[in-house]
């Protein structure tokens, strides 16, 4: 369950147990009425969740409107002091990250020498990845080097993660180092 | 930023790439602040600037070095700040020398310096010897003055190609911020760092800012404009080979002292300054990772950590892959076949892997590197590829840290598209599966992995709240969350997964990254909106906003001050200082408490390529170095051979740089897979001056070929007035620029600019030199 301390937008009332989702029907727009009307069709009875933009490092707030299991609208979060409701072209089109027909929706596998992807289930994929990781780690693990305990593998690399959440980067950093991975990098350099 | 009196924007184009940050600069402008844009290209930022100055890519050090000389000569420095808050008064030991581009201690065969030759003289009790009058010939101040005396305006503008009038306007406008009550900021991005002298570029900005007394004040500082939503956080959390979480470094097999925890801590912990607490942070991290398996008897599990013996950064990682030294790789939302340097080689390297796991929202040029449309023959590529669909940022929950270190929580708005899953779940389930496979193994090699604590609930989905709490840390005696890193200990009774974040979750139910109270408590710091590490401080080094006696330098720029009645530091921000240390107490003026002597370093004997920034030309440059006889940074590592071909200036006489456009993001995988953004910026183009276009018979929108020693690409010509040839030492030098977003996947496709860029890195960070390389241009037909 999500807890938030909403203070200023008193017109946005938290509704019981679904604290993060704000009932948009309660919005009282004071803006131009016609604009509000056209918007209303799209987002009437939608739920709103605050998020932070996934692109650059400025950290703008965005409100995601969802209805009928899809994202119907996104807009700048007026409460967020960083952007006060304003967004750039990328932040504005956040919705299409959800709706794009190009989104990957299934795990895909490419066998050695093959010229195509095959759909596989998650379990098979993660089991096989774990197997490969173990095989490589076990065959390359170095416990001692010149009389020093080094506990590492130089045959596995992990790259990327600058778009992950902090909690994800933490677990990734921990898991990879736990396995002895030393080729550990992300996009800070590129 | 809205409080700045002058923003010097160099190596960045925030109006285009960080548009919402720029909104605050326009607010500064409304209150009389000035904007200076320094860029090889007249950008959207330049269009909003009061002063624009062009420079040739790769000449930041001459540009700023000349400003340092200008400030010193015209007495436009904040002297009291410099004397008290920097190491200007420190005496450098005899033996330090600088001669024709080389500092003392250079080993030509190894291309490394012996940094002990740059030491500071110290008293018998380990304190630096100082001369507060700044007149001693070996004082940092005098050595600095001598060093930059060579950076006279004529030589500088000859090298940078900047029109002299424009240059003087920049010097005059920015150095006005030396006045008490004024603050100037420097904003930079990858245009600064992606050079063989990238670290020294940032260093020289810092030197200028310290001389002007601009660090620690509202509207001051040097601001890195980060390009990814959480590149701050992922760096904080140690996703780089050379740092554990919280910048604690890593144990290395090459450092004899690192063989034990005791040795590591003794070697890496300074005796003074805040880092003297390092053992508490390291031991608390080991407790977070190894739990009950970390005991005093086994060095708290220190030996479980891997010890590398070399530099494992991006370029070297791909070199190892290219040479067939790696078997497997995980790629978390990254697309090096578009975004990596010398991208053609990075693509080839992937084919040498036995297995590749890509976790992404899209099929990228990287995960599809084996396909025919990538120019590969699938039958010849034996790499097994696993492509896992990842959730978008609003399909999961968790926090990200922005450029100002604000850790903001994002809530889940919707179930993931299709079968996509959050990276957190993927990492967690993989860890659980591996734990199961290794369970009960008697092998000593498997002990480090089995010893690692992994307790985030039983289900396939980890309990993110438990992850958050582990990061914050616990008092292990009481089992309660720890209030902050000040309470961490080195005896194994506390834990913290990342000490710099410790305090964001000080008690049950209070994850402060979820704070959403946007009432301003003064200074527009919004202390109850999210959490800023460390300990919710919004302006780092804010002790420097007050004078040595503890009073603000000026009313306009007041942040914190010493309240003698309450006997503590008070103000609008959380003090970045020990809150009860009076200005008169020992260390009471040490505004830069992370440094061992409490002062900022004008002279930095810690960098690989010299204690003062010095100009060297890029790896590929059309001109000889006018400042000394070293053409390239003497400490830059050169990779020779097929992996990094070097272009000759006769064959490739044109300087090239890369940049971004507002509609696309990084390698474009996030934006070229969307309809609207693809339509807005649909084609790969190369921007050039009218003069170059005329010389080459190229018209706007013509198809052209750009080639470098590494590869060639086809693109549309965009002929503009935004690039102008620069005159360098009487010679006309052309520069072109191109976006690096494009590849063959997605809606908007185009050739990849990085097929042209070299595999050479900065001498300290190995950040590749994307921003200055040589090429040639011709019409495609």
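Residue numbers (my numbering), protein chains in the order written: chain L, 74 to 263; chain H, -6 to 774.
Glycine included, C-beta positions come from ideal geometry on N, C-alpha and C.
None of these values were measured; they are calculated from a predicted model.
- Taking each of 249(L), 198(L) and 218(L) in turn and checking the Cα distance to residue 350(H), the smallest one comes out for 198(L).
- Residues of chain L whose Cβ lies closer than 9 Å to the Cβ of residue 737(H) do not exist; the shortest such Cβ separation is about 13 Å.
- Residues of the same chain with a CB within less than 6 Å of the CB of residue 706(H), apart from the 5 flanking positions on each side, are 699, 744 and 748 in chain order.
- A Cβ of chain L is located within less than 8 Å of the beta carbon of residue 320(H).
- Following the DSSP letters along the chain, one finds residue 197(H) inside the alpha helix (DSSP H) bounded by residues 191 to 204.
- Taking 8 Å as the cut-off between beta carbons, none of the residues of the stretch 680 to 695 of chain H comes near chain L.
- Counting along the chain, the unbroken alpha helix (DSSP H) around residue 271(H) starts and ends at 271 to 283.
- Close to residue 254(L), with beta-carbon spacing below 8 Å, are these residues of chain H in chain order: 299.
- Against chain L, a Cβ distance below 7 Å from residue 242(H) picks out nothing, because the smallest value is about 13 Å.
- By the neighbour-count criterion, in which a residue is buried when 16 or more other Cβ atoms sit within 10 angstroms of its Cβ, residue 320(H) is buried.
- With 16 or more other Cβ atoms from the protein chains shown falling within 10 Å of its own Cβ, residue 364(H) counts as buried.
- Segment contact: the stretch 622 to 635 of chain H against the stretch 653 to 664 of chain H, fewer than three CB-CB distances shorter than 8 Å; contact not assigned.
- Listed in chain order, the non-local C-beta contacts of residue 193(L) below 6 Å within the same chain comprise 180 and 182, local neighbours out to five positions each way being set aside.
- Residue 759(H) sits away from residue 680(H), with the two beta carbons spaced by 8 Å or more.
- Here residue 343(H) is not bridged, per DSSP, to any residue.
- The contact set of residue 223(L) on chain H, defined by CB atoms closer than 7 Å, consists of 246, 299 and 300 in chain order.
- Neighbours of residue 117(H) in chain L, taken as residues whose beta carbon is under 8 Å from its own, are absent, since the nearest beta carbon is some 35 Å off.
- In this structure, the CA atom of residue 511(H) is about 6 Å from the CA atom of residue 154(L).
- Residue pairing of residue 168(H) in beta bridges, as defined by DSSP: absent, with no partner found.
- Under a criterion of Cβ atoms nearer than 9 Å, the residues of chain L adjacent to residue 252(H) are, in order, 220, 221 and 222.
- Using a Cβ distance threshold of 8 Å, residue 518(H) and residue 531(H) count as a contacting pair.
- Beyond the five residues adjoining it in sequence on each side, residue 257(L) comes within less than 6 Å, by CB distance, of 231 and 249 in the same chain, given in chain order.
- Counting only the Cα atoms, residue 617(H) lies some 17 Å from residue 143(H).
- In this model, residue -4(H) and residue 533(H) are separated by some 15 Å (Cα to Cα).
- According to the DSSP assignment, residue 261(H) belongs to the alpha helix (DSSP H) that extends over 254 to 261.
- Listed along chain H, no residue sits closer than 9 Å to residue 119(L) by beta-carbon distance, the nearest being about 10 Å off.
- In this structure, the straight-line span from the alpha carbon of residue 426(H) to that of residue 204(L) is close to 9 Å.
- The way I'd put it, the stretch 131 to 138 of chain H doesn't touch the stretch 614 to 631 of chain H; fewer than three beta-carbon pairs between them come closer than 8 Å.
- DSSP lists 136(L) as the bridge partner or partners of residue 123(L).
- The alpha-carbon of residue 103(H) is positioned some 20 Å away from that of residue 192(H).
- Annotation note: the stretch 96 to 162 of chain H contains the following uninterrupted alpha helix (DSSP H) runs of length 4 or greater, listed N- to C-terminal: 133 to 142 and 146 to 153.
- When C-beta distances to chain L are compared with 7 Å, the residues of the stretch 738 to 756 of chain H below that value are 739, in chain order.
- Comparing C-alpha distances from residue 757(H) to each of 653(H), 599(H) and 612(H) shows the shortest one belongs to 599(H).
- Around the Cβ of residue 207(H), a 10 Å sphere holds 16 or more other Cβ atoms; the residue is buried.
- In the three-state scheme derived from DSSP, where H, G and I count as helix and E and B as strand, residue 414(H) is classed as strand.
- At least 8 Å separates the beta-carbon of residue 43(H) from that of residue 4(H).
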